[in-house]
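One structure below.
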Amino acid sequence: MKMSTYLSLLVVVFIASVCSLSTVWGCTIPTVIRGSWFSWENGKKTTTEINAATMTGRGVCVDMKQDFHVNYTFVFQHSEDSCYHCIKFLVRTVNVLEKMDTGCVTLKPEEEPTIERVCKKLASDQSLITLFSENYVPVNCRSSLEGVWQFAYQVNFGIWWFDGGI
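Here it is as structure tokens:
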């Protein structure tokens, strides 16, 4: 066999292995979500580890939806309790995420674990849990605070106005 035939065969094997991995995992969690995250949940300090395919306490990612590169909705399959979990992440900065969770959702064996099916009980007005990166990246926030601002606030005696630059 010629060298080009070997290369072609190698490319086909590589593509097949990549496709089979995405079939097994179901989805790949974006880099901005991955890492070690600290939060307070149910009155307890919590550390959550997220890698390319799994999330601590939630299992393996089987479906994902992305909106505007800052809102991500995932379906995780948790093997220990045969549950599916819908988790929606809102990326606030590279160091801060907010999440909401449906808790355990059980499906009939013939039902496919899709975003639409597992996440239908996810309410847009439910409380958010804030996660902070344990391996934070320094960010210059000054540019987001510069400029001319107008705002009003109310004190018991009336309304006060401020119109000036910061």
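FYI, the numbering for the sequence shown is -20 to -1, 1 to 146, going by mature numbering (1 follows the signal peptide of the UniProt record, and there is no 0). We treat Cβ as the ideally placed atom computed from N, Cα and C, and that holds for glycine.
Check: What residue range is occupied by the uninterrupted alpha helix (DSSP H) comprising Val119?
Finding: Per DSSP, Val119 belongs to no alpha helix (DSSP H) and is neither H nor E.
Report the three-state DSSP secondary structure of Val74 (helix, strand or coil). coil
Report task. Less than 8 angstroms between the CB atoms is what I'm expecting for Val40 and Phe56, so what's the real figure, rounded? Result -> 6 angstroms
- Query: So, Ile109 versus Glu21, is the Cβ gap smaller than 9 angstroms?
  - Reply: yes
Is Thr82 near Leu102, with beta carbons less than 9 angstroms apart? yes
### Message
By the three-class DSSP mapping on this structure, what secondary structure does Glu29 have?
### Response
strand
DSSP on Ile9, reduced to helix/strand/coil? coil
By DSSP's criteria, Asn51 is part of a beta bridge. Which residues make up the other side? As a beta-bridge residue in DSSP terms, Asn51 pairs with Asp47 and Leu70.
Quick one: what does DSSP say Glu21 is sitting in, helix, strand or coil? strand
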